[in-house]
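Take a look at the structure below.
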Amino acid sequence: MDSSWLRFFKKMYGSRIIMTLHDDVPNGEESPLNLIAAQYVLGTLSASARLRFQARLQQEPELRALTHAWERRLNPLTDLLLPQEVSPEVWKKIESRLNATAPVSVPDTTQSPVREAANDGYWKPWAWASSAIAAGLAVFILVRPEGIMPKNPEIIAQAQQVSRDVAVLSTDKQTPAWVVRQQGQALVLSALNTETVPSDRDLELWSIQGNTAPRSLGVLHIKNGQATISRVAADLVVKDSTLAISLEPKNGSPTGQPTGAVLYTGKIIRG
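Numbering (my numbering), first residue to last: 70 to 340.
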């Protein structure tokens with residue numbers, strides 16, 4: 070993503086940008102494979118380009134690794150989506166369009182990557198504009214006004230039961246690192262990056278409300294990029310309170326207060 074788009078998102082959303090397209094690229098360079106993988110996961114490739122991309126996934130381990138890295142970072146955002154009712158008229162229009170769509174031919178996977186890029190315009194400015202819009206939609210999920218919600222109270226209640234409180238925890242350099250969601254009485258934390266913790270240390274989650282002392286929510290036992298803390302008291306996870314993760318001795322702080330470096334912080338933005 071070029072610097073103008075990065076400046077735009079920084080101005081619009083500040084520290085709530087989910088990530089930039091420089092991540093997972095050696096030395097910050099914009100790798101062509103990484104850019105294609107980003108567009109694929111964001112859903113901005115054309116239908117024919119997606120089919121060719123999927124064929125290449127079967128043959129190129131590096132492309133699979135980049136695609137999986139993007140999916141690990143962006144997939145947690147889908148948990149923030151609320152279900153919405155679709156009118157019968159919309160379904161009829163979708164059905165009529167599907168019936169009118171011509172079959173898609175099987176792509177020729179023998180084309181060279183250079184020719185593919187030229188045919189589908191991977192590097193045209195408008196292609197990156199569409200990627201930026203898709204990324205903006207992901208960010209909008211986190212910061213949308215509370216009034217933009219389904220009107221059906223049953224749908225709202227069901228969605229809130231699945232994901233009632235949400236926070237994004239960032240580093241001191243404002244780099245998003247964790248997505249936090251509440252499921253019933255549990256908190257589920259999903260890492261946006263590979264998290265490596267020294268064998269003699271643990272990460273511990275804290276709740277901070279106003280000027281009161283931090284209260285521990287528990288030690289994070291990370292598996293496959295996720296950690297779950299069960300039976301969290303409701304009064305410790307409320308809107309506008311702060312969540313923080315610190316690096317502590319094995320099995321957590323011995324004092325009941327953070328003793329190590331505070332690595333990530335973020336406010337609960339929906340409750």
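A virtual CB, placed ideally from N, CA and C, is assigned to each residue, including glycine. Computed from a predicted model, the values in this text were never measured in an experiment.
Check: For the putative contact between GLY325 and SER239, defined by C-beta atoms under 8 angstroms, what is the C-beta separation to the nearest angstrom?
Finding: The Cβ separation is near 25 angstroms, so there is no contact.
Next item on the list: May I have the straight-line CA-CA distance separating THR297 from ILE277, to the nearest angstrom?
Entry: 19 angstroms
Item checked: Under the three-state DSSP convention, the category ALA107 falls into -> helix
Check: So, is THR136 buried or exposed, given that buried needs 16 or more other C-beta atoms within 10 angstroms?
Finding: buried
Check: THR311 lies in the beta strand (DSSP E); which residues open and close that run?
Finding: 311-318
Notebook entry, point to check: So what does DSSP say about ALA134, is it helix, strand or coil?
Noted result: helix
Margin query: Within the continuous alpha helix (DSSP H) that includes ALA255, where are the two ends?
Written below: Unbroken run through ALA255 is the beta strand (DSSP E), 255-260; no alpha helix (DSSP H).
Checklist line | Rounded straight-line distance, which links the Cα of GLU140 to that of GLN108 | finding: 11 angstroms
Margin query: For the alpha helix (DSSP H) containing ALA302, name the first residue and the last one.
Written below: Premise fails: ALA302 is in no alpha helix (DSSP H) and is neither H nor E.
Note to self: In whole angstroms, give me the CA-to-CA distance for ILE338 and LEU332.
What the structure shows: 19 angstroms
Note to self: Once DSSP output is grouped into helix, strand and coil, what is the label at LYS292?
What the structure shows: strand
Next item on the list: Could you tell me how far apart the beta carbons of GLY294 and SER259 are, in whole angstroms, since I believe they sit closer than 8 angstroms?
Entry: 6 angstroms
Checklist line | PRO245 - partner residues in DSSP beta bridges | finding: SER239
Margin query: Here's a check: name, in chain order, each residue in its chain whose Cβ is nearer than 6 angstroms to the Cβ of ALA106, leaving out the five neighbours to either side.
Written below: LEU135, THR136, TRP139
Notebook entry, point to check: Of the choices LYS242, LEU305, PRO283, THR244, whose alpha-carbon is the least far from that of ALA255?
Noted result: LEU305
Check: Opposite GLY287 in the DSSP bridges: which residues?
Finding: LEU274
Check: Is GLN326 helix, strand or coil when you go by DSSP?
Finding: coil
Notebook entry, point to check: What first and last residue would you give for the alpha helix (DSSP H) that runs through SER117?
Noted result: 116-126
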